[in-house]
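Taking it in order: structure first as structure tokens, then the write-up.
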Amino acid sequence: EEVELFLTPESVLIGRVVHAQTGEPVAGVEVMSNGGFSSVGFGSNSTRSDAEGNFRIARLPPGRFKPELRGDEFYGQAEEQVHIGLGETSEPIVIRAHPAAYVEGQVMIVGGKEPRPCPEGQVTINKPNAEFKWMAIEEDGFFRLRGLLPGEYEINVECDGYVGEDHYPPLVVAGDNQVGLVWEVRQGLAIRGVVVDDQGRPTEQIEVRARAVTKEEDRREQATSSNATTEADGHFEVAGLLPGTYEVYAGSAWRGRRGPEDPIVVELAGADVNDLRFELPGSGTVRGRIVDEDGQPVSGARVTADALGTRASGSSRSNDAGEFEILDLTPGSTRVSALDGGWSSALRAPGTSDDDVQGEVVEVVANEVVEVQLLVESHSGVIRGRVLDEGGSPVADAFVSADRMSEKAGANASRTRSSARWRWNEQPVLTDTEGRFVLDDLPKGKFVVRANREGGGEALVEEVELGSEVELVIATTAEIAGIVKVSGGGEAPERFSVSLRDKEQGVREGDTFFRTEGKWRLRELPAGHYEIEVESELGTAKTEVDLSAGQVLEGVEIVLEPRVTVRGRVVDLDSGAPVAGIAVGSGGGRFIGGRFSSGADDPERKHVTGADGRFEVADVAVGLVYLMLTEPNAGRDSKYGWTRIARRLPPSPEVQDLGDLAIVATRLGPKDDA
């Protein structure tokens, strides 16, 4: 089988590392390019600074980068992004190396005859709204954190197959190196068993998941969940569990080999359970071919098989002969359909429209192969054109792509524009020395054609018809800069992020800034109306600006409003009674160590409602926020599921009572259809 590789001339990032305080060169620190998002995919690389502090990072794709350095006792970041075009070498940049600390610790398993090192796992550290970092635990149980800045960090330790502490004391970094630290984990309970297929044969590489199920009044307590994969003999061991009730599932809940619909409920009451047995239902295979109306095979299409009435599905790609095969499908009625190589739109059957359901429905039978042919409209259309700059000169290093515009009633043009900017699955077309390009193998319809020069500038034309010649003029890019201040005065945040979004054009840009005294700058922006959002540990802020082509907008001042603490009560909508065991989080909430975190350190889990339905969430951004109400560890019989509630929070007072938040209990069981 032949493999075709698409190669581009390398781009190169060069610069120098100097000490932030003395200005002297710093040798031997790792410099990472970070970034490299472009039309040819994602690429990043790293190197080390030489004796003079100089560095050269080669073999990069064109795109934008945010170089970062990290050594045992240094950390630094470029002041702004670096944009590099195809085959270009950047202007030399300077990265300041700030003194930082080296932290070394060991994760030890205790509770046996003698402590022993953790063989595998990870350690995560988190400084809310400032820094999040994880490191793998090495074979001897050690983990090493390099270039850690002064501050107080939440720490979470996960040793595979063992139980960590519910809450570890914070890691306090004052500037000096720290070694010899020890974090302890302990032996837990285990659930063991075997997975076989519908013929009774052991089945390997099947995921088994044990999920804790807790009562409402116990959801502020530590709970554990874990996964395992079956060995060649079908056996599995899910370890590192606390005593309690577990729902154990085998097989994929979505893609891949499906398991039994119902879990096995296991009570771990102080001893391991060793006798679980799962029998996987039979699965079938869909094999087929995609051809167009001219009888030509369609290669590189993504083919999906979606079981009707369930979430079960599978996917594959068609080969050069248009052939595909999808394994391990759930028996029953299944819709088989094809998407274009960019995954953005369905391949239509001849004579149909975007409002029609595409694909063929087949009946998947256990342990059998069902054949299907997908007939799609021909992809023989061509669009030609030329890319020029504003002065009329050809652009010889522009990437060009085309996205078919949806013909659906109420189609969102903004979504099509956004899709045109984020095509990672197709080989791009590069303009020649005269700026010319040819886009072929296109389906029937009208297109958004986009040209972009990695390193800055784009042009976008809509409603382009097949067979036409189109001229794309790359407009001069805009630039915006400003300063971030803190409401009431005080020093600017050490680290902050700036995000820009133009909803109409589908443009998203942003960057993070480190020790810039609040100064920020974003270059190479298309014209548009932008929403600007700034986030930091000292607060948040939003504003809006208009940028025209070629404009340099300076002096945009953004004042951060401090985060607040919110309190309230969760009640049932019908009865008005308080609801216990509901986790409340704001935008930015995340899962840490098997439990929901509201964002800030919350060892008492006040963000989970008590018997009185009351909760407290700290560190919440002001303005429009979305509160997520979930029912953690409720199992498949979850009564309330999840609810999203919008609130607009003023900058004061520091502690705000939201009153009652009403949620609706489900009227359906886990097997009921809506």
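Residue numbering for the sequence shown follows the numbering used here, beginning at 1134 and increasing consecutively.
Glycine included, C-beta positions come from ideal geometry on N, C-alpha and C.
Just so we're clear, the structure is a prediction, and the values are computed from it rather than from any experiment.
Cβ-Cβ distance between residue i and residue j below 8 Å
{"i": "E1380", "j": "V1398", "result": "yes"}
{"i": "V1150", "j": "R1203", "result": "no"}
{"i": "T1418", "j": "I1459", "result": "yes"}
{"i": "V1312", "j": "E1285", "result": "no"}
{"i": "L1633", "j": "G1643", "result": "yes"}
{"i": "V1515", "j": "A1584", "result": "no"}
{"i": "S1416", "j": "D1461", "result": "yes"}
{"i": "G1244", "j": "D1293", "result": "no"}
{"i": "E1591", "j": "P1527", "result": "no"}
{"i": "G1651", "j": "V1617", "result": "yes"}
{"i": "V1809", "j": "L1605", "result": "No answer is possible for residue 1809: the residues shown for the chain start at 1134 and end at 1807."}
{"i": "V1497", "j": "V1503", "result": "yes"}
{"i": "R1319", "j": "L1409", "result": "no"}
{"i": "G1403", "j": "L1441", "result": "no"}
{"i": "V1717", "j": "Y1773", "result": "no"}
{"i": "K1577", "j": "E1596", "result": "no"}
{"i": "P1252", "j": "E1237", "result": "no"}
Contacts around residue i, its chain only, beta-carbon distance under 7 Å, and the 5 residues preceding and following it disregarded
{"i": "P1335", "result": "V1327, V1329, D1366, G1367"}
{"i": "R1420", "result": "E1458, V1502, E1504"}
{"i": "R1648", "result": "H1231, E1627"}
{"i": "R1780", "result": "V1758, L1760, L1791"}
Residues of its chain near residue i, where Cβ-Cβ distance is below 6 Å and the 5 sequence neighbours each way are ignored
{"i": "L1791", "result": "V1699, G1701"}
{"i": "V1256", "result": "M1268, F1276, V1290"}
{"i": "Q1684", "result": "A1611"}
Backbone CA spacing between residue i and residue j [nearest angstrom]
{"i": "G1727", "j": "Q1355", "result": "Any answer about G1727 is weak, because its pLDDT of 32 lies below 50 and its placement is not dependable; what the coordinates show is given next. In a straight line, the C-alpha of G1727 is about 9 Å away from that of Q1355."}
{"i": "Y1759", "j": "L1655", "result": "28 Å"}
{"i": "V1240", "j": "V1692", "result": "42 Å"}
{"i": "D1735", "j": "H1662", "result": "38 Å"}
{"i": "F1276", "j": "F1188", "result": "27 Å"}
{"i": "A1445", "j": "R1344", "result": "20 Å"}
{"i": "I1778", "j": "A1710", "result": "18 Å"}
{"i": "S1449", "j": "V1290", "result": "37 Å"}
{"i": "Q1429", "j": "A1471", "result": "15 Å"}
{"i": "F1457", "j": "G1218", "result": "38 Å"}
{"i": "A1733", "j": "V1227", "result": "The predicted position of A1733 is uncertain, since its pLDDT is 49 and thus under 50; no value can be drawn from it."}
{"i": "T1564", "j": "F1629", "result": "38 Å"}
{"i": "F1646", "j": "R1738", "result": "32 Å"}
{"i": "G1721", "j": "E1287", "result": "Unreliable positioning characterises G1721 in this predicted model, as indicated by a pLDDT of 45, which lies under 50. The coordinate reading is nonetheless provided below. Taking the straight line joining both Cα atoms gives about 16 Å."}
{"i": "L1278", "j": "E1317", "result": "18 Å"}
{"i": "L1413", "j": "N1452", "result": "30 Å"}
{"i": "G1600", "j": "R1517", "result": "7 Å"}
{"i": "V1315", "j": "P1302", "result": "12 Å"}
{"i": "P1261", "j": "S1669", "result": "9 Å"}
{"i": "P1248", "j": "G1274", "result": "11 Å"}
{"i": "D1351", "j": "T1363", "result": "31 Å"}
{"i": "V1594", "j": "F1532", "result": "14 Å"}
{"i": "G1746", "j": "L1794", "result": "10 Å"}
Residue i Cβ short of 7 Å to the ligand PLP heavy atom set
{"i": "A1713", "result": "For the structure depicted, the ligand PLP is absent and the ligand set is empty, with no information on it obtainable."}
Per-residue DSSP class, three states only, for residue i
{"i": "R1641", "result": "strand"}
{"i": "R1769", "result": "helix"}
{"i": "D1408", "result": "strand"}
{"i": "D1293", "result": "coil"}
{"i": "V1330", "result": "In the sequence as presented, Val is not what sits at residue 1330; that position holds Asp. The answer is coil: DSSP assigns D1330 none of H, G, I, E or B."}
{"i": "E1349", "result": "helix"}
{"i": "K1579", "result": "strand"}
{"i": "A1479", "result": "strand"}
{"i": "V1145", "result": "strand"}
{"i": "S1179", "result": "strand"}
{"i": "M1165", "result": "strand"}
{"i": "D1867", "result": "Residue 1867 lies beyond the range of the chain shown here (1134 to 1807); nothing can be said about it."}
{"i": "N1500", "result": "coil"}
Whole-angstrom C-beta distance between residue j and residue i, which should lie under 8 Å
{"i": "N1178", "j": "K1199", "result": "No, N1178 and K1199 are not in contact; Cβ-Cβ is about 13 Å, not under 8 Å."}
{"i": "A1340", "j": "N1360", "result": "It is Glu, not Ala, that sits at residue 1340 in the sequence shown. Rounded, the Cβ-Cβ distance is 6 Å, consistent with contact."}
{"i": "E1510", "j": "D1425", "result": "6 Å"}
{"i": "L1686", "j": "V1678", "result": "6 Å"}
{"i": "T1347", "j": "G1377", "result": "7 Å"}
{"i": "A1754", "j": "T1676", "result": "Contact doesn't hold; Cβ gap of about 14 Å is too wide."}
{"i": "P1194", "j": "G1176", "result": "4 Å"}
{"i": "L1508", "j": "G1492", "result": "About 11 Å separates the two Cβ atoms, so there is no contact after all."}
{"i": "Y1382", "j": "G1392", "result": "6 Å"}
{"i": "E1201", "j": "M1165", "result": "5 Å"}
{"i": "G1455", "j": "V1431", "result": "5 Å"}
Contacts around residue i, its chain only, beta-carbon distance under 8 Å, and the 5 residues preceding and following it disregarded
{"i": "G1589", "result": "H1216, G1218, T1610, R1656, E1657"}
{"i": "E1707", "result": "At residue 1707 the sequence reads Asp, which differs from the Glu that was named. Same-chain partners within the cutoff: V1797, A1798."}
Proximity test, Cβ basis, 8 Å: residue i and chain D
{"i": "Q1210", "result": "Protein chain content of the structure displayed is limited to a single chain, and chain D is not contained in it."}
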